[in-house]
Amino acid sequence: MKSSFSILVLVSTIQLMTVLCASGDFDFFYFVQQWPGSYCDTKRSCCYPSSGKPAADFGIHGLWPNYKDGSYPSNCDPDSLFEASSISDLKSQMQSEWPTLACPSSDGIHFWTHEWEKHGTCSESMLDQHGYFETALKLKKEIGLLKLLTNAGIKPDGRFYSIKSIEEAIKEATGFTPGMDCNVDGSRHSQLYQIYMCVDSTGSNLIECPILPGRRCSSTIEFPKF
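FYI, in mature numbering (1 follows the signal peptide of the UniProt record, and there is no 0) the residues of the sequence shown are -24 to -1, 1 to 202.
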């Protein structure tokens, strides 16, 4: 009896240690949104998804586990494959808030599969597949990037804005400093492409970024129309 109890305690301890180790596999998330006008306004161009042209709003790129040293885990569980049925109740929201712009035109399944299998599987200790995508959708709604920028007089009108003004508008509205990423249009103008916000490892709370991603931005950048 004593031996059986000892084995049970040992097994429970190992299971607890496994959970604790798994929960410490990353430090925070980058929640990344991209501006469709900048994705499309490049030499590569874009293709609208089969569901139609997305709204002129930031779209989700991904929710990416990261380490404080700037590195990140990826493809953590090759056996945890994306299952479209697991997010069937979120599909209409996904098509609206997490649209694909890659060519050829598609329904988004390939994009979402890539995001889950590369990034989502590294967050399974905190979020299952449905929880991963649902969390990203909630974060997008909570942050409301386009509205807060528009409220600060920064609009997707093809004009140029200082990157400092964009950062300050986001920080004033959210309380946290964003990371910025730019790309270039056909005329080699630097344009607002992606905005990174940092989230704790539970996916629940915005936090100040332990490390900001390197940006490819000029001091003044274009906010293109879409």
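C-beta: ideal position from N, C-alpha, C; glycine also.
Item, Value
"Less than 9 Å between the beta carbons of L77 and P30, yes or no?", "yes"
"Tell me, which residues are paired with I183 by DSSP?", "C174"
"Can you tell which of P80, G155, A32, I171 has the C-alpha that lies nearest to the C-alpha of F202?", "A32"
"Could you give the distance in angstroms between the alpha-carbon of L124 and the alpha-carbon of I130?", "9 Å"
"Can you confirm whether the segment 47 to 64 touches the segment 98 to 110 when touching is taken to mean that 3 or more C-beta pairs between the two stretches lie within less than 8 Å?", "yes"
"Give the DSSP-derived three-state secondary structure of N127 in the structure shown.", "helix"
"Taking all protein chains shown into account, do 16 or more other C-beta atoms lie within 10 angstroms of the C-beta of E198, making it buried, or fewer, making it exposed?", "buried"
"Tell me the DSSP bridge mates of L168?", "C158"
"Considering only residues of the same chain and omitting the five flanking positions on each side of K116, which have a CB-CB separation below 6 Å?", "I36, E73"
"Suppose contacts are defined by Cβ-Cβ distances below 9 Å. Is S166 in contact with C193 by that definition?", "yes"
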